Every structure is written in C-alpha cells, then in structure tokens.
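Student: Just so you know, we're using the numbering used here here: the sequence shown kicks off at 1191 and counts up by one. Note that beta-carbon positions come from the ideal geometry of N, C-alpha and C, so glycine has one too. For clarity, every value in this text was computed on a predicted model and none was experimentally measured.
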Amino acid sequence: MHLLKILKLYNQLILYRPGHFKLTSRWSSWSSKDVRSTFIKYFISEDHTFIPPLSVIPKKREGTYFINSGMNQFKPIFLGECDPTDKFVHLKRAVNSQKCIRVGGKHNDLEDVGHDLTHHTFFEMLGNWSFGDYFKVRACQMAFHLLTKEFKVPVERLYFTYFGGDKSLNLSADEECRQIWRSLGIPADRIIPFGLKDNFWEMGLSGPCGPCTEIHYDHRGSVCSPAEVNSGSPDVVEIWNLVFMQYNRLPDSSLVPLPTHHVDTGMGLERMVAVLNGTADNYSTDLFLPLFKEIEKLSSCPEYKGSLLPLDTSYRLLADHTRMFTVAISDGLLPSQDNLGHKLRSLLVRCVDLCRKVFHTDPLTTLPLLVSSVRESLGSVYPEIEQSEKKVCDIVQATIHHYDKHKEQAMKSFNKMLSKHGNINVLPGDIMLQLEHGGYFGKPMAVEMISELASTLGISLDMDGYTKLCQSTKADISTSPLTSLPDRASSLVNQMLQLGVAPTDDSYKYSHCSLGDGVFETELSTDFTQMLEVISPVHVRGISKDNCLHRELLESDIGEVVLDKTCFYSEAGGQEADQGELVSENGTFQVTDVQRKSGYIVHYGHMKQGTLQIGQQIEPRIYQEIREGCMRNHTATHLLQSALTDLLPSTQQQGSSITSHKLTFDFLALSALDSKSIQQTEAAVQSFIKKEYLVSRTTLPLEEALKIPNVKVLQNEKYPEEVSVISIGPENGSFYSSVELCGGTHVLNTSDLEDFCITQMTSKAQNVKRVTCVTGSQARLAHLNGSVLRSMCQLLEDLIKHQPGQNHSVKQSLKYAQQVLHALDAQQERLEHSLHLLAQNVSDYYARLKNLNEENQKTRSLMQSYIDILKKIATVGHEEEDIKQLFTLIRKIQQVELVPKVVREEVHSCLVKNEQKVTEMINKKNISHINQLIEDEFKRLPDSSVVSLTVNDIDINHRQITKSLSKKMLSKCVILLNQCHKTTDLFISLPLSSFQPLVDEDLDKLKALLKVEAKGKLSAQNSTVAIYTFHLQGEINHTNSLISYIENLKPKQ
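This is the structure in structure tokens:
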C-alpha cells in the first residue's frame, strides 16, 4: 500500500473516530430526493430538457464496462454521429440523473469502497449539458448560482480549479475560465491551476476533449488551504466537474479545434447530499442509513458509527453492494461467469459472506429485506427498481442456492487437487487456472471460490503467476484473426451526414399483405418490391468500396450502396437482415447484408453483373423466402414469450435470434423446466395459431406506447421517439395475448405460422435457458419426425418383449415413416429449386440452404433405412440384428435437428431403458454362435490340441467373450480371431489341465508372431482355464504360427 494512502486512512481514522465523525450543519438538512430534484428543476428552469437515464448495462457493441458517467448516451452528439432520426438530433441543453456503476476499467473504485467514506460501486451522477449552445461563461454562472443560491453552500468553503496549460501539447492555460470565476467574486487564492491529469478531460485515445474546471468543497471552512485541493485529503473533496469540449484529438495525438463547442458536467449525488448535511461521510445520509438500521436490527450488531474500523467497513460494503446489485438486476443483468455478470455475481457472493461471517444472519432473509430498503430509497426515482423488487429477490435467492451448491462441488475439486499435489503452502498460478477452468479436478470454480477455500486451509495464492497466465491467454485471443474490422461503410455514412443527405426511408419494409397459406405480398402485387415502383422510383444516393467513396461499382466489386428509399429490412431486434438484389438497367448488385448506420440503410454486397452508378434508378428485390421465414419466426417469438410469461411469471427475455429457418429465445428461468412445461408452452403457442389471431402494427410516440397495459419492452434497449407496437389478439380487439414494442417484420395473422415446435432447450448461463424453435413446414416435419420416433420406440419394446401387438406397431410406424418421407421429398424439391435459383451465390443464406439440404438428405436416408427394416419385419419376421439396427436408427434419428424437444427426451429414456436388453439379446445370440463354431471345430479336428477359428462382424465386447470362454470346460486350446468394425481382437483360451499358464516371455513371442502392433494380457483365469486377449492394430490373415507355437509349448506334467 502506498504511503500516501496509509496516511490518508490514518487521518480518517483519527478524524472520524466514533462520536466525532459528523460535522454540525450551518444550513438546513437536505434529503437525497430534495438534492436530486433541486438540481434537475433548476436546469429545467434554464431551458434544459430532462433526459431519462440509461440502463447501467451497456448496449451491444458499446463496451464491456458498466455505464459510469452521465454523458454516455450523448456520445453520438459529441462525435458528430447522431442519427438524423434520433431524438437528440435537435437537442441543445439537457439535464438528468444517471445511474452509474464502477467496478472495473479506467475508473475502478472497488478497492476503496467501504474502506473509506466517499467511494461507491453504485452512485448517481447529476449532470447538465450544452450541445453547441452556451459555453464556459454561462456554465460557470449557473453552477455558481445553483451552489450558492439554491443549495446555499457558503462560498468561503469552495475552491475552483482550472487547466494550467501544457507545453508538450502547446496548450496555454485556460485564462478565460480563471477570469470567469474572478468575475463571479471568487478570491484569486481560491482559483487554482492544475495540469493534464486533473483538469483536461478526454473521451478516449482520440475524439472530442478539452479543459475542465472543478469545484471543491472544504468540510472545515475555517481556513484557506488551496494546497489540500487534489491532494487526497478527506477534508477537501471535489463536488462538481465542468468539462469544456473545444478540441478534437486526432489519431496521431495532435489537437485541433472543434467547429462546435459542448459542455459536459457531473456532480456526484451521494457526495453532494453529504455536503449539504454537514458530514464528510457519504454513508451517513438517507441513502444508506435505512439500510444500516435494517442490518443492525437483523444482526443485533452495534449501530453504524462512521469509523474505519472493520465492523463499520462491513456495514458500508454490504449496503453499497446491495444498492449495486439491486440496480444492476433491475436493469436486466444476471449473475453469470462472464464479463459484467461475473462482476455482479462476485459482489453478490461478497454480500453472502458478509451476512454469514460478520453479521451472522441468513442471506436468504437478509438480502431481500435490504433490497426492499433500496426500493424504498430509489424506487420513486427509478420505476424499474420499484417494478423489479420481486424479480431481484428471486434472482438473489437463486444465486445463493447456486453458490452454496457450487461451493460444495468446489470443495470436492479442491480436495482432489490437494490429494494429487500433497501439502502445499502456495497454490501455483497454473493450478489455479486448472481449477478455474475445470476438467481434471472437476467442475470449474471462480477465482474468488479458490481464494476462499485456500484461505480456510492457510494456503496462499500465486496471484502474480495466475495473472501472467491470464494475460498471455488474452494476448493469444487478441492476436486472433477473428478480431473485428472497421465498418466498410463508415466513410460513406460520415460524408452523407456532413452533406446533410436525408436518411433512407425504409418504411416500405412493412408494406405487405397475406394471401393465406403462409404466402405474403405487397398491397399491389405478389412481389415485395413492385410497390416501390408504383409509389415512386428508387435511386442510388451513395456508393463506397474499400471504405472509400466511389461513383460507380464495376462487375465483381465488393461494395456498399445507400438508396433514398428501400424495402430491405436492416438487421435489428435479433432479426437477421433481408438479402436480395438491386437491379438496374446496367447490372445487378447482390445484397448479402443490410445495416442501419446513422439513419442510412446500407446495403452490403457485390456486383453480380454489370455496373451500378450514383443517381441510377434501381429496382430492389428481396429474397421472399428469407423475409417470410423471418416474419413467421418473429411473430412466433412474441407468442413464445407470452406463453412463457403465463407459465413462469418471473421470466424475462434475455435475447433472441431470428432467422428464416429457426429462432432462438433466451429467457430467465429461476426454476427447472421439465418436459411437461415445454409441452405446455408449445401447446399454448399452437393454440394462438389455431385461434387465427390478428397481428397488428401501430405507430405511437414512445411515451404513449409505454403507458399501454402489460406492454413488453426489452431492458437495455434504446427506443426511438416513435415506436411500432405489435399487438396480437382476436379481431374484435377485446383483449391482446401479446403487446410488445418491436420494429421487426411480422405476419398479419397467427395462422400464417402454420405450426410451431420447440426442438431444443439448453442452459446458456446461470438461470438462463435458451430454446430453439421452428415454424411452418419445418415445424410440421419436426412433429412428423417425433411421431416416427415414438412409434419406433413402441416397436422396439414390442419386439424385445415378443408382444403380439408388434404387427400393429409395424403398420403404424410404416404409415408415419412414409408421411415423413413424403414431407422430406417436398422439402428437398423446394430446397433444390432455391439452390438452383441462387447458383453461385456467395451469401450466408446460400450456405445455410446447402446445410439444410444436406440435413434433409441425411434424415431421408435414415428414414428409408427404417422403412426397409419395417418391410422386412412385415414380410419375413425379425431377428436380433433387426432389433439392434432399429435401436441404432432410433439413436441417429433422435439426433437430427428437426425433432421436438419433448420427444427427444422420451426417446433418450427409451434408449437408456432398453440398451442393456438389446445388448444382452445380441450377446446371447453371438455367444451361442461362437460356441457352436467351437463345437464344430472340435468335431472336425478331434485329434488336434489347438483349434483356431475366425469370425467377422460379430459385435461383442471382450468381457462377454472372456466370460463365455472361461465358463466352458474345454479340453483343447481355442484361438478365436474376431474382426469387427475395423478392429481386430484375438482370444486364446488355454485349458490348464493340458497347459502351463503363459508367462511374459510367451506373450512377447506371440506378439512378435502376429507381425502387427498388439497389446496382450491375461484377462481371466480360474482353476480350469486361462484367457488371454490381444488388441491388434491391423488385420492378420491366419493364425498358423500361433497354433504351432502353442502346440510346442511344454505340456503340463
């Protein structure tokens, strides 16, 4: 620990000793709600727009750290990348209170949290912003007015810092800022310059940046001590930071002036509430004291006194971390093994340990009660906390159960490691990594768990070695060729933004109607795209290639195209993008991907033939099969969520992926889902389909849409000011089975889905399940496959039991199998037609069709084999080999993609139940066959002391043959060669009445005589016979040399 930190903690211990930590307020006390509302109301009165806060969870592709400042949602404005359709495009002034979490990255407060009085993992950042509007003068004036007039903070307790310049960057001091503070009456000795580290703010290695001015508060107020500003003193703390973005840092690190200046300010609510209540302890306010009282009541520990002693540190840790996990889970994060979920789980586990080891309470009771206290404190400000209290408590309790179970398993793995490595004082980094990843020692365990188990046994950890191994692994990953490349269309989009080109009108993606039987068309024709031609021509507005602007694409060029209007759907909401063609009089551009970039719809692809030029009129053509499949599957996703919500009220969507051929849906599942639950869910969706509910789309302002009863919204999703609401229900509108905010494409009636089937369910993360589903003809085929598998299992059991009903089973199975064959042939015809139309297509859709075609052919081949077996059984009866072949076919068909999940589980149970019976039946037949061969050889060679026989393709294991040979009272030596499934096994049965047992030298000589690589050993021996087995790496044609060797062995005297 650094000396400065030690001195800081020492001073705090003295200054904040019990009974002396509070300072007497010279003004009235403030509640946190009053401080927050006063800040927001003041700036609203100064023409600022209140902007609701973001979730603390970053959106996809927006980083791997929690939201830790108020400016995150305004980055597109600062960077000049604001979507022309975005609600922020005309925003000039803004104010809000942003939920923030810091447990990693550049701003990581975790080590200090609880151990001092000012740091937190979760905190609120009050902020006001100017986007090309007011700048330094007005920003400073409003900050000064709010502090001294509204909050009534004595000016003699304040210090003001400004940027003192930097010679290396050729930046002069921010004298303008200093003069502004002087003009507001601030004494010169309270205006202090600092360098880059403290008073120059940067968004990243490049981008907007600029000087800042900080306002610091002196808790003592009796002396002027500018030297204590930014010194780490607990007496003088920063309360507000005003950033003036006036430069842009280029990739070469040089600075150039920004054409538009911005202001970004941040004030920590917890610290400001402490200041206004006359205390240097952020925790001695109404944000934390109710939690402390609850902990005290539950634990019977002494009350919180604000010291830095262990008990008060534990109070702070437990209260702080409870606030953090309550907010994070309310915003949709779940404990897991990865990234932010891992950080959440680590803090939750720390809370569990604090409850048990320090406060001696049951975390299953304590933590939900603390969550309730957080809800009372923050629920009125952040409605998601109010609404999510039960869900948070359920997840917390599920996590505790999972942790306890995991700890029990981890102890077994840890003990297994100790039994191998013996008594160790230090656990090496490589073994820590092995324990973390699981494998040899058992299931994986978190590093925190390793540390806890090691600590209880007095074992220290080689954290340096572990860290180096982790870093080398990360380095290997970072150098992988899979790292993402810059977007090819960035130059095109930026240029169009700068020129003020209107965004693409893609509203035509919703222009279609249903013809019935699952076929869709536009309102005027059977082609999705001809409607555009009728309304108005479509023109090319932008072209790029290799991230450079071009006026033309030539044949075979890979490029990007932006149109003035389009019917192509751009990837969003989990739904894959449309694919198709842009056809002009001079050529065809094949579209393989579509993305929305800053309001423009970018069509990615290549010139299939001819050329394409800026300004040309084109005809957009979408691949209808992709669109129709996505429409079915997206509507099915909404129905699935509705069915799951009815079954599991606490469920919550975690993500989805919608393609033309299947959908996956991730959801929170705190309880186990059995086959019955899956069947109920599937049946509920099928019921929606049969009821032929209407699927309607309504466009509403976001604020109005959020007021719709039971409307479903995705957490951690940024919605535009105007949203589409998808409602599913009966035609009369008496009720809706599903109402969701969604920009995807959908069918117009649930009957267009035709059928629905859940084919897989897996665990994606802790308490998160993923189901894979299909609709339409894929679902019908899956259910047919399920019927066949059920009939196969019934037939298998009838044949094993020799029941008279097997003839009925054969007829029923034949009927189902022929239905499947017919469906497979129809699908094969459709797939081959599509593949022919898309010949030489390089899109992933073409590759997907090829994979589906191969899977289809594989399933057809298996089904034909089954039909052949059925026909044989129906005409000439069955043999044991038919039962075995049937068993094998069931296993193979069970593994094809299109099989209902519930049937897959039923079949698995059937296979497990009957595997031993089938094996015994086959073994019994094979042993009988071998015994008969041996008897025949004995009769054929009555005078020989050694007989040899070879059998082919008899599937029987070593143990069964050995067991059979050892039971026979044989007077001759038997050499048995079994060649099956490209493996060769040799057995020698040596009667001990005539021969001495073989010794190692004999075994070595026998191996040499075989002339192939072999492993031999004594497998069994009793009073009458010794059995030797050899596993051969190759085939042998005869055993004459072995016979001669054994015949020449010394007979037993």
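(1) Using a Cβ-Cβ cutoff of less than 7 Å, which residues in the same chain neighbour ASN1926 once the five nearest sequence positions on both sides are dropped?
(2) Quick one, which of PRO1810, TYR1813, GLN1870, GLU1809 has its alpha-carbon nearest LEU1838's?
(3) What does TYR2218 pair with, by DSSP beta-bridge criteria?
(4) To the nearest angstrom, report how far apart SER1373 and PHE1334 are at their CA atoms.
(5) Could you tell me the boundaries of the alpha helix (DSSP H) in which TRP1371 lies?
(6) As a quick exercise: from LEU1971, ASN1262, THR1228, LEU1625, pick the residue whose alpha carbon is nearest that of HIS1851.
(7) Which residues in the same chain have their Cβ closer than 8 Å to the Cβ of VAL1293, if we skip the five residues on either side of it in sequence?
(8) Quick check: VAL1752 and TYR1790, are their CB atoms within less than 7 Å of each other?
(9) Rounded to the nearest angstrom, what separates ASP1224 and GLY1923 at their Cα positions?
(10) Which residues does DSSP pair with THR1965 in a beta bridge?
(11) Rounded to a whole number of angstroms, what is the C-alpha to C-alpha distance between MET1477 and GLU1460?
(12) Am I right that THR1854 and SER1846 are in contact with their C-beta atoms under 8 Å? What's the rounded C-beta distance?
(13) Are three or more beta carbon pairs between the region 1807 to 1820 and the region 1761 to 1775 nearer than 8 Å?
(14) Please report the distance separating the alpha-carbon of LEU1675 from that of CYS1738.
(15) For THR1551 and SER1221, I'd like the C-alpha separation in whole angstroms.
(16) Look at the alpha carbon of ILE1812 and the alpha carbon of ASP1768, and state the distance between them as a whole number of angstroms.
(17) For a quick check, are the C-beta atoms of PHE1946 and ALA1826 less than 7 Å apart?
(18) Just verifying my parser: in three-state terms, what is the DSSP assignment at LYS1212?
(19) Going by DSSP, name the residue or residues bridged to ILE1812.
(20) Residue range of the beta strand (DSSP E) that ILE1429 falls in?
(21) Which residue marks the beginning of the beta strand (DSSP E) containing MET1457, and which one marks its end?
(22) So what does THR1516 bridge to, in DSSP terms?
(23) If distances are taken between C-alpha atoms only, which option among THR1351, SER1415, ARG1368 comes closest to ASP1388?
(24) Return the bridge partner residues of MET1137 from the DSSP annotation.
(25) Please state whether the Cβ-Cβ distance between GLU2225 and THR2173 is less than 7 Å.
(26) Suppose you measure from the CA of LEU1976 to the CA of GLN2018; what does that come to, to the nearest Å?
(27) Using a Cβ-Cβ cut-off of 6 Å (strictly less than) and excluding sequence neighbours within five positions of MET2111, which residues of its own chain qualify?
(28) With SER1235 as the anchor, note down where its alpha helix (DSSP H) starts and where it stops.
(29) Do THR1308 and ASN1472 have their beta-carbon atoms positioned less than 7 Å apart in this structure?
(30) By DSSP, does PRO1634 sit in helix, in strand, or in coil?
(31) Three Cβ pairs or more, each shorter than 8 Å: is that satisfied between the region 1476 to 1493 and the region 1501 to 1513?
(32) Keeping to the same chain, check which residues put their C-beta closer than 7 Å to that of LEU1205; ignore five residues upstream and five downstream.
(33) Around the Cβ of PRO1208, are there at least 16 other Cβ atoms within 10 angstroms (buried) or fewer (exposed)?
(34) Quick check on ASN1420: does DSSP put it in helix, strand or coil?
(35) At which residues does the alpha helix (DSSP H) containing TYR1794 begin and terminate?
(36) Would you mind working out which of VAL1929, ALA2037, ASP1454, ALA1588 sits nearest LEU1890, comparing C-alpha positions?
Tutor: Short version:
(1) Before going on, a small fix: residue 1926 reads as Tyr here, not Asn. So the qualifying residues of the chain are SER1917, ILE1918, GLY1919.
(2) GLN1870
(3) ILE2178, LEU2208
(4) 11 Å
(5) 1365 to 1373
(6) LEU1971
(7) PHE1256, ASP1299, LEU1300, THR1311, MET1514, LYS1533, LEU1537
(8) yes
(9) 44 Å
(10) PHE1946
(11) Just to set this straight, residue 1477 is Leu in the shown sequence, not Met. So the two alpha carbons sit approximately 8 Å from each other.
(12) 6 Å
(13) yes
(14) Summary for LEU1675: the model assigns pLDDT 48, below 50, so the residue's position carries little reliability; its value from the coordinates is reported in the next sentence. Each residue's alpha carbon lies about 15 Å from the other.
(15) 30 Å
(16) 7 Å
(17) yes
(18) Confidence is the limiting factor: at LYS1212 the pLDDT is only 40, short of 50, which leaves the residue's position unreliable, though a coordinate-based value still follows. In this structure, LYS1212 counts as strand in the three-state DSSP scheme.
(19) GLY1770
(20) 1426 to 1439
(21) 1445 to 1458
(22) Beta-bridge pairing links THR1516 to no other residue.
(23) THR1351
(24) Coverage of the chain is limited to positions 1191 through 2243, which leaves residue 1137 absent and any answer about it impossible.
(25) no
(26) Note that residue 1976 corresponds to Gly in the displayed sequence, not to Leu. Their Cα atoms are separated by approximately 19 Å.
(27) GLU2070
(28) 1222 to 1235
(29) yes
(30) coil
(31) yes
(32) Note that LEU1205 scores a pLDDT of 38, beneath 50, so its modelled location is shaky and nothing firm can be said.
(33) Residue placement at PRO1208 is flagged as unreliable, the pLDDT there being 34, under the threshold of 50; a coordinate-derived value is accordingly withheld.
(34) coil
(35) Counting along the chain, TYR1794 falls outside any alpha helix (DSSP H), though it belongs to the beta strand (DSSP E) covering 1790 to 1800.
(36) VAL1929
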